[in-house]
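Asker: Protein chains in written order, with my numbering: chain A, 178 to 503; chain B, 2 to 420. All C-beta atoms in this analysis are idealised placements derived from N, C-alpha and C, irrespective of residue type, glycine included. After the structure tokens below, expect a handful of questions from me.
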Amino acid sequence: MARLRRQGEARISAAGRIRRGLAVRNVVVMDNDSLEVRGLTRTFGDLTAVDDVSFAAPAGLLTGFVGGNGAGKTTTMRMIMGVLAPTAGEVRFGGDPVTRADRRAFGYMPEERGLYPKQPVLDQLVYLARLRGIAAPRARAEVLDMLDRLGLAGRSKEHVEKLSLGNQQRVQIVAALMGTPRLLVLDEPFSGLDPAAVDGMVDLLAEHTARGVPVLFSSHQLDLVERLCERLVILKSGRVMADGAPADLQRTGALRHRLVTSGDAGWVRGVPGVHAVDVDGPVALLEVADDASLQRLLATGLERGGVRELTPVRPTLAQIYREVTA
Amino acid sequence: MTTTTPTRPDTPGTLDRTGEESTRGAWLVVMKREIVVRALNKTFLVGLLVSVAIIAALAGFMAWQGSKTDSFTVAVPAGDAAATAAVASAAAIPEEQGGGAELTTLEVPDDAAARAALADGDADGWLHPADGGADGGAGGWVLTGEADPDSTLTRLLTAGVAAETLDANAQAAGTTTAELTAGGTLTTDRVDGDAVDSQTLFFASFALALLFFIGALGSGQMIAGSVVEEKQSRLVEIMATAVPLRHLLAGKILGSSVVALAQNVVFAAVGLAALSFTPTASILPSLSTSLVWFVLFFAVGFLGLAALYAVAGALASRTEDLQHTTTPMTMAIMGVYFLTFSASGTFETVLSYVPVANVVSMPVRVLSGDAAWWEPIVSLLILAAFAVVALLVSERAYRGALLQTGGRVGWRSALTARA
């Protein structure tokens with residue numbers, strides 16, 4: 178994450194612009210190469226898998242796509258990639274409806290992925306690159322370079338079935354990232370990776386956001402999403418429940434405070450505008466209605482003496498997630 | 002981060018947003034992969050080599066059988082001119098009349114010596130008058146063997162003894178055999194000229210049906226397997242974003258067609274080359290014409306079959322489903338196999354115009370000299386029409402079924418799917 182923060186001026190200002198636009202949902206300043214979905218809907222018979230989903234993945238940012246099983250993440254991603262036709266709504270890239278040529282330059286990592294088990298790593302990556310219009314020599318050089326960086330340099334001639342699952346996943350990552358994609362759509366890219374592999378993957382993705390590419394990835398690992406994402410879209414039953422920067426989402430959640438006193442903190446129950454969520458001896462977790470109530474709480478505390486600590490408690494992403502999907 | 006990003010979005014070689022034209026050759030990339038992967042597949046190569054070896058061995062066996070001359074040693078009583086003459090007469094029977102064997106006589110002084118010669122294997126048979134010649138030969142002749150005498154030797158000597166006896170009796174009656182049998186010969190002729198005999202025709206139609214069966218079934222299963230492999234692994238989702246699915250389908254159909262055709266050309270060439278060493282070499286010219294038609298018909302017909310097999314692959318969602326989704330194709334191909342090599346008469350004429358069955362039936366009719374010059378052309382056009390329809394239908398069904406996951410997909414749902 179520190180590495181991400183160190184990135185170029187352009188990205189930070191882009192992020193700033195996005196965050197200012199956040200006050201009203203779905204109003205986003207579109208960059209040249211941003212992804213935007215509007216009113217995307219997909220039904221399968223009677224089931225509405227994706228229901229009027231709108232959000233944006235701005236250029237140069239990592240956008241996390243979160244939701245439980247069956248929330249519609251994969252269906253949405255497949256519609257973005259044109260693998261599935263939407264029942265309604267549209268996908269826009271760079272401000273215009275997305276075209277086949279656009280999609281050809283998108284990097285995609287489907288869920289439940291696999292490769293040709295009996296073909297050597299290098300051969301099949303070059304094949305996939307050539308399908309995307311990259312000439313064989315260039316594809317070869319790029320693939321070898323990426324395999325080298327993922328620690329698979331010596332294994333390019335091995336059959337995919339001989340690799341461990343983690344290494345197979347790295348090969349799939351190379352398949353998505355080769356050919357300098359203009360957008361990355363990654364379905365559960367981190368699942369099954371060990372912590373070192375996650376870091377390597379994060380580095381790779383950071384390179385792409387640094388050159389202004391929007392990256393949309395889905396994940397079940399909320400701690401990871403919280404650590405990585407500049408933007409977050411939470412889906413539930415095919416609908417967008419929350420959409421914005423994690424910090425903004427945390428601010429919209431009920432803000433709590435923690436009070437630590439030298440004696441018993443039971444007195445907080447008597448302060449108007451303050452709701453004691455939990456009092457355990459000298460430690461109290463409180464919901465404070467407004468700033469005036471907070472001042473009143475502090476004044477009362479100072480009057481009684483013995484206040485050691487009064488700190489705002491930001492809800493974790495997991496808490497927000499539970500809240501919005503409850 | 003160990004290196005900085007080496008490229009920018011507008012680097013040459015990366016697709017720009019107007020890069021549509023570069024998808025044009027995608028089918029060629031797919032086709033090449035299909036061919037290379039199949040050609041390097043060990044199972045396929047071993048199968049091909051074994052088949053070639055079997056064809057060559059069969060032809061070699063036939064050639065050896067044909068060129069082999071039977072030779073026998075016949076024991077005759079010493080000084081028995083009639084027995085020696087009968088053996089000589091048997092040896093003189095020409096090959097066309099089932100003769101051509103090499104017969105040598107071994108004169109034996111007495112019965113004991115004859116039995117010893119048989120027991121030692123010095124003689125294959127012992128020709129001697131019945132009753133030891135007591136009744137002056139009127140009792141006929143006996144051929145004694147160690148066990149049952151060889152059937153070829155028996156047949157030859159039966160004719161030899163008959164001829165020799167006829168000669169002797171004719172002479173006794175004051176006439177000759179030639180006079181007695183004058184005008185008594187029968188030869189055969191046929192109205193349709195010098196065509197292939199029915200036995201050869203049967204074997205040729207059997208061979209063509211088998212070539213069709215092996216080629217269509219093997220390569221068909223290959224294309225279905227290759228489609229479901231990509232579907233199951235979701236590779237097709239990656240590829241679908243890169244190239245139109247039409248290209249993927251076209252590349253697969255053409256690739257597997259090339260392999261199937263090449264395999265059949267190899268089989269046909271090995272078969273023809275081997276046949277040229279056998280006594281049936283005389284039918285090579287008409288067989289070659291028929292084989293050229295077969296290759297042409299197979300090429301066109303397999304395009305249609307491959308397209309349908311690709312759909313069968315797309316209808317499955319896992320490799321395990323293939324057996325179910327390819328059943329109609331397997332049944333059709335087996336039906337063609339059994340019907341075409343056993344068909345005859347009007348039924349065969351009808352089959353020679355029915356798509357896919359005509360791949361075998363029409364070349365067989367060309368071989369038998371039964372088909373007019375325009376018939377294979379019309380039949381080929383009908384087959385081409387079938388292939389075109391199959392390709393069009395399969396393009397739609399392939400697209401419809403390929404991206405539907407979760408269980409087998411039905412034809413109806415594949416054809417009506419949105420995407």
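Flag MET323 (chain A) as yes if its beta-carbon sits less than 7 Å from any beta-carbon of chain B, otherwise no.
Answerer: Not one chain B Cβ lies under 7 Å of MET323 (chain A).
Asker: Would you say TYR498 (chain A) faces chain B, with C-beta separation under 7 Å as the test?
Answerer: False, the Cβ-Cβ gap to chain B never drops below 7 Å.
Asker: So VAL30 (chain B) contacts chain A; which residues on that side make the cut at Cβ distance below 8 Å?
Answerer: Within 8 Å Cβ-Cβ: TYR304, ARG307, LEU308.
Asker: Indicate the three-state DSSP secondary structure (helix, strand or coil) for ASP223 (chain A) in the structure shown.
Answerer: Coil at ASP223 (chain A), not helix or strand.
Asker: Using 8 Å for Cβ pairs, my map puts ALA1 (chain B) next to THR153 (chain B). What's the rounded Cβ distance?
Answerer: The displayed coordinates of chain B run from 2 to 420. Any statement about residue 1 (chain B) would go beyond what the structure contains.
Asker: Tell me the rounded alpha-carbon separation between VAL296 (chain B) and ASN265 (chain B).
Answerer: If I take the Cα positions, the gap works out to 8 Å.
Asker: Expressed to the nearest angstrom, what Euclidean distance is found between the alpha-carbon atoms of LEU381 (chain A) and GLY356 (chain A)?
Answerer: Taking the straight line from one Cα to the other gives about 14 Å.
Asker: In or out: LYS250 (chain A) buried (at least 16 other Cβ within 10 Å) or exposed?
Answerer: By the 10 Å Cβ count, LYS250 (chain A) comes out buried.
Asker: Let me see if you follow: with CB-CB separation under 7 Å, is VAL260 (chain A) close to chain B or not?
Answerer: For VAL260 (chain A), the answer is yes, since a Cβ of chain B falls inside 7 Å of its Cβ.
Asker: Measure the Cβ-Cβ separation of GLY305 (chain B) and ALA225 (chain B) and say whether it is below 7 Å.
Answerer: No, the pair does not count as a contact, with Cβ atoms beyond the cut-off.
Asker: Mind listing, in chain order, the continuous alpha helix (DSSP H) runs of no fewer than 4 residues lying wholly within the stretch 372 to 426 of chain A?
Answerer: Whole alpha helix (DSSP H) segments, 4+ residues: 372 to 387, 399 to 405.
Asker: According to DSSP, simplified to helix, strand and coil, what is PHE242 (chain A)?
Answerer: PHE242 (chain A) falls in the strand class under three-state DSSP.
Asker: Leaving out five residues before and five after PHE278 (chain B) in sequence, what residues of the same chain have Cβ atoms less than 6 Å from its Cβ?
Answerer: ALA64.
Asker: Just mark HIS434 (chain A) as buried or exposed, buried being the case when its beta carbon has 16 or more other beta carbons within 10 Å.
Answerer: Counting Cβ neighbours within 10 Å, HIS434 (chain A) comes out buried, since at least 16 surround it.
Asker: Quick one: is ARG446 (chain A) buried, meaning 16 or more other Cβ sit within 10 Å of its Cβ, or exposed?
Answerer: Exposed is the call here.
Asker: Please list the partners that ALA423 (chain B) has in chain A, where partner means a Cβ-to-Cβ separation under 7 Å.
Answerer: In the structure displayed, chain B extends from 2 to 420; residue 423 (chain B) sits before or after that span and is not available.
Asker: Look at GLY271 (chain A) and ASP210 (chain A) and say whether their C-beta atoms are less than 7 Å apart.
Answerer: Cβ distance < 7 Å, so GLY271 (chain A) and ASP210 (chain A) count as in contact.
Asker: Excluding the five sequence neighbours on either side, which residues of its own chain have a C-beta within less than 6 Å of the C-beta of PHE342 (chain B), listed in chain order?
Answerer: SER206, PHE207, ALA210, listed in sequence order.
Asker: Buried or exposed: which applies to LYS43 (chain B), given that a residue is buried once 16 or more other Cβ atoms fall within 10 Å of its Cβ?
Answerer: It counts as exposed.
Asker: Do we get a CB-CB distance below 7 Å when we pair SER234 (chain B) with the residues of chain A?
Answerer: It does; some Cβ of chain A falls within 7 Å.
Asker: Can you name, in chain order, every residue of its own chain whose Cβ lies under 8 Å from the Cβ of THR225 (chain A), other than the five neighbours on each side?
Answerer: So the qualifying residues of the chain are THR218, ARG219, GLY415.
Asker: At 4 residues or longer, what runs of the alpha helix (DSSP H) sit wholly inside the stretch 230 to 270 of chain B?
Answerer: Correct list: 236 to 243.
Asker: What residues in the stretch 82 to 101 of chain B have a beta carbon less than 9 Å from any beta carbon of chain A?
Answerer: The stretch 82 to 101 of chain B vs chain A, Cβ under 9 Å: nothing.
Asker: List the whole-angstrom C-beta distance separating LEU393 (chain A) from LEU212 (chain A), where the pair is believed to meet the contact cut-off of C-beta under 8 Å.
Answerer: Going by Cβ atoms, the distance from LEU393 (chain A) to LEU212 (chain A) rounds to 7 Å, so yes, they are a contact pair.
Asker: Using 10 angstroms around the beta-carbon of ASP228 (chain A), count the other beta-carbons present and answer buried if the total reaches 16, otherwise exposed.
Answerer: It counts as buried.
Asker: Please identify the residue among A:PRO366, A:GLY241, A:GLU403 whose C-alpha is closest to the C-alpha of THR493 (chain A).
Answerer: Considering only alpha carbons, the answer is A:GLU403.
Asker: Let me confirm a value: ILE56 (chain B) is counted as buried when at least 16 other C-beta atoms fall within 10 Å, else exposed. Which label applies?
Answerer: Burial call: buried.
Asker: Which two residues bound the contiguous beta strand (DSSP E) that contains GLY266 (chain A)?
Answerer: From DSSP, the beta strand (DSSP E) with GLY266 (chain A) extends over 265 to 270.
Asker: Name the chain A residues whose beta carbon is nearer than 8 Å to that of LEU382 (chain B)?
Answerer: In chain order: nothing, as chain A lies at least about 35 Å away.
Asker: What are the residues in the stretch 239 to 256 of chain B lying within 9 Å of chain A by C-beta distance?
Answerer: The stretch 239 to 256 of chain B vs chain A, Cβ under 9 Å: ILE239, MET240, ALA241, THR242, ALA243, VAL244, PRO245, HIS248, LEU249.
Asker: Is the beta carbon of LEU128 (chain B) sitting closer than 7 Å to the one on LEU144 (chain B)?
Answerer: Yes, the Cβ-Cβ distance between LEU128 (chain B) and LEU144 (chain B) is below 7 Å.
Asker: Can a CB atom of chain B be found closer than 7 Å to the CB of GLU289 (chain A)?
Answerer: Taking Cβ atoms only, chain B reaches closer than 7 Å to GLU289 (chain A), which makes this a yes.
Asker: Run down chain A in chain order and give the residues with a C-beta less than 8 Å from the C-beta of ARG34 (chain B).
Answerer: Result: TYR304.
Asker: Can you tell me the Cα-Cα spacing of LEU157 (chain B) and GLY100 (chain B), whole angstroms?
Answerer: Whole-angstrom Cα-Cα distance: 7 Å.
Asker: Please list the terminal residues of the continuous alpha helix (DSSP H) segment that includes ALA469 (chain A).
Answerer: That run of the alpha helix (DSSP H) goes 468 to 481.
Asker: Starting from the beta carbon of LEU292 (chain A), find every residue of chain B whose beta carbon is closer than 9 Å, and list them in chain order.
Answerer: Neighbours of LEU292 (chain A) on chain B, chain order: SER234, LEU236.
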